[in-house]
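Encoded as structure tokens, the structure appears first; notes follow it.
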Amino acid sequence: MRALRGGLLACVLSVVLILGLAVQLGPALPPRAAPDAATAGATRDLVTTLRDVMDAEAATGEITLPLAQIRALLTSGERIQRGFRAEAGVDGDALTLRGSVGAPLLPGPLWLNPSLTVAASDEGLRIEHAALGYLPLPPALVRWGIAAAIDRALGPGLGKIALGAITRLEIDPERVTVSYAMSDFDREVLFARVKERVRGFAGETDVERVYAHLWFLDRAGGRQRALPRRGSFVPYLRHVVARAEGPGDMKAALLALTLYCGESALGPAVGAYLSPAMQGNNHCERTTLGGRDDLKRHFVVSAGIYAARSGEVAFGMGEFKELLDTNEGGSGFSFDDMAADLAGARFAELVLGTPPEGRAALIARIDSEADVLPPLEGLPTGLPEAEFRARFGGVESPAYQAMIAEINARLDAMPLYGGAGGDG
Numbered sequence: 043m044r045a046l047r048g049g050l051l052a053c054v055l056s057v058v059l060i061l062g063l064a065v066q067l068g069p070a071l072p073p074r075a076a077p078d079a080a081t082a083g084a085t086r087d088l089v090t091t092l093r094d095v096m097d098a099e100a101a102t103g104e105i106t107l108p109l110a111q112i113r114a115l116l117t118s119g120e121r122i123q124r125g126f127r128a129e130a131g132v133d134g135d136a137l138t139l140r141g142s143v144g145a146p147l148l149p150g151p152l153w154l155n156p157s158l159t160v161a162a163s164d165e166g167l168r169i170e171h172a173a174l175g176y177l178p179l180p181p182a183l184v185r186w187g188i189a190a191a192i193d194r195a196l197g198p199g200l201g202k203i204a205l206g207a208i209t210r211l212e213i214d215p216e217r218v219t220v221s222y223a224m225s226d227f228d229r230e231v232l233f234a235r236v237k238e239r240v241r242g243f244a245g246e247t248d249v250e251r252v253y254a255h256l257w258f259l260d261r262a263g264g265r266q267r268a269l270p271r272r273g274s275f276v277p278y279l280r281h282v283v284a285r286a287e288g289p290g291d292m293k294a295a296l297l298a299l300t301l302y303c304g305e306s307a308l309g310p311a312v313g314a315y316l317s318p319a320m321q322g323n324n325h326c327e328r329t330t331l332g333g334r335d336d337l338k339r340h341f342v343v344s345a346g347i348y349a350a351r352s353g354e355v356a357f358g359m360g361e362f363k364e365l366l367d368t369n370e371g372g373s374g375f376s377f378d379d380m381a382a383d384l385a386g387a388r389f390a391e392l393v394l395g396t397p398p399e400g401r402a403a404l405i406a407r408i409d410s411e412a413d414v415l416p417p418l419e420g421l422p423t424g425l426p427e428a429e430f431r432a433r434f435g436g437v438e439s440p441a442y443q444a445m446i447a448e449i450n451a452r453l454d455a456m457p458l459y460g461g462a463g464g465d466g
């Protein structure tokens, strides 16, 4: 009995020691600088590179990722997901990734601070060092953990396929190049599953319901002539609220509206696509919000993103789009576009939270554009990067936050949104 108690005590102390080494009460990484126009552009370029690889579906190839783009992606991720911090660095021919994960992803004041170093190799992925806080982790265990995480995300056995496909890793101070090779069967399974998970961006959604609402929208704007082909697109908002039968159906209706009136390129994330006929004769194409096509698209895409994910993601992606626009050739950072983004998220929050028995009363409150879009007077628009920086510094500056607060105050003052919270 004494030996048993001693063994149990040793186990308990071991667990406490491991937790003490692995879990900290603070982050190892400080907050990163807020994203700017260059960050947004670099993130877009990296996503484009990965999308091209997915579209090619080649069994062999290589992916070259500039270190600046990797860092930009991590910065953008930190902006969208609170409680997440990460950085990437190169020392010689080794790449080190460090992260800090805390609230709201972890309870209370707890933080996990993982780090992983991989070395250049002609023999696949070579893990040089890994740790969780102060707890060193054996490379074999980390490799197993990475494979298990991929299995969990994509499906059983795909972690082994993905890691086994890496044939070479080249690392220099400017870029990381990954060479890969796999069988045709593994290629088909892996790429198909990744694309399926991309569609999971929209969460659990009945795709057939999305298609049904697309059909209703197209028919109402076409044969039935119940929806306008020009002028305000507010009747389309009333239509989807009236058509939806429950919370799950309302989400599908908002996603259909996003594809039909906002951005059809989001189809892969939803798992539904406009038919060639809808693309060639989209009845919502010439409608506007506030007299502008871009405000309509900002509003409805933000509503769709809120329905799929959350207001925080909708705000972050709207902000990301505006930062992109400050680059050369873009339309400039526009706070009126941000107002449309935030209004779209508020609208989605409102309709998703309204029970079916309250829909008729809600529709009665949506009579004009002034009911869904806040006043835009005085909001700076079309600011190139230099002017945006001169006036606002960055997206963490008091001046910028004051503008977002002003937009939210205008939304709060609207009868339709007065009871719905906003992000930002």
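Anchor point for the sequence shown: position 249 equals 291 in the working numbering, and the numbering is continuous, going up by one each time.
Glycine included, each C-beta is placed from N, C-alpha and C at the ideal position.
It should be emphasised that the depicted structure is a prediction, and the values quoted were computed from it without experimental measurement.
**Item:** Run of the alpha helix (DSSP H) containing Tyr442, from where it starts to where it stops
**Value:** Unbroken alpha helix (DSSP H) run through Tyr442: Pro440 to Asp454.
query: Identify the residues that DSSP records as bridge partners of Trp153: which are they?
result: Gln66, per the DSSP bridge assignment.
Practice task
Ignore the nearest five residues each way along the sequence and tell me which others in Ala447's own chain have a CB closer than 6 Å to its CB.
Solution key: Only residues of its own chain outside the window of five on either side were considered, and among them none has a CB closer than 6 Å to the CB of Ala447.
Inset, instruction - Locate the beta strand (DSSP E) running through Pro108, then write down its first and last residues. - result: Start and end: Thr102 to Pro108.
Which residues bound the beta strand (DSSP E) around Ala128?
DSSP places Ala128 in the uninterrupted beta strand (DSSP E) bounded by Phe126 to Asp133.
Going by DSSP, what residue range makes up the beta strand (DSSP E) through Val437? Here Val437 belongs to no beta strand (DSSP E), and DSSP marks it neither H nor E.
- Which first and last residues belong to the alpha helix (DSSP H) in which Ser344 is found? For Ser344, the enclosing alpha helix (DSSP H) covers residues Asp335 to Ala350.
- Can you tell me which of Leu269, Glu104, Gly125 and Leu92 puts its alpha carbon nearest to the alpha carbon of Pro72? When only C-alpha atoms are compared, the closest one is Gly125.
Original post:
For Gly405, which residues from the same chain have a beta carbon less than 8 Å from its beta carbon, with the 5 sequence-adjacent residues on both sides left out?
Top reply: Note that residue 405 is Ile in the sequence shown, not Gly. Cβ neighbours of Ile405 beyond the five flanking positions: Arg280, Val283 and Ala284.
- Query: Do you know how far the Cα of Asp87 is from the Cα of Ala98?
  - Reply: For the pair Ala98 and Asp87, the Cα-to-Cα distance works out to about 17 Å.
Problem - Cβ shell of Leu179 (< 7 Å), same chain only, five flanking positions each side left out - result: Sequence-distant partners of Leu179 (beyond 5 residues in either direction) whose C-beta falls short of 7 Å from its own C-beta, in its chain, are Ala172 and Ala173.
**Message:** According to DSSP, is Tyr222 part of a helix, a strand, or is it coil?
**Reply:** In the three-state reduction of the DSSP assignment, Tyr222 falls in the strand class, which pools E and B.
Worksheet item: Is the beta carbon of Asp291 sitting closer than 7 Å to the one on Arg265?
Response: For Asp291 and Arg265, no; Cβs fall outside 7 Å.
Whether Pro422 touches Gly374 by CB criterion (7 Å):
Taking 7 Å as the cut-off, the Cβ atoms of Pro422 and Gly374 do not count as close.
If you drop the 5 nearest sequence neighbours on each side, which residues of the same chain put their C-beta closer than 7 Å to that of Leu196?
Its chain contains Arg235, Val236 and Arg239 as the residues whose beta carbon lies nearer than 7 Å to that of Leu196, once the 5 sequence neighbours on both sides are disregarded; these appear in chain order.
Per DSSP, which residues does Ser163 bridge with? Please list them.
-> DSSP output for Ser163 lists Leu211 as bridge partner(s).
Given Ala164, which residues of its chain have a CB within under 6 Å of its CB, disregarding the five upstream and five downstream residues?
For the sequence presented, residue 164 should be read as Asp rather than Ala. Leaving aside the five residues that flank Asp164 on each side, the residues in its chain whose CB is nearer than 6 Å to its CB run, in chain order, Arg210.
- Bridge partners of Val143, per DSSP? Under DSSP, Val143 takes part in a beta bridge, and its partners are Phe126 and Leu154.
In angstroms, rounded to a whole number, what distance separates the CA positions of Ala451 and Asn324?
Answer to the nearest angstrom: the Cα atoms are 35 Å apart.
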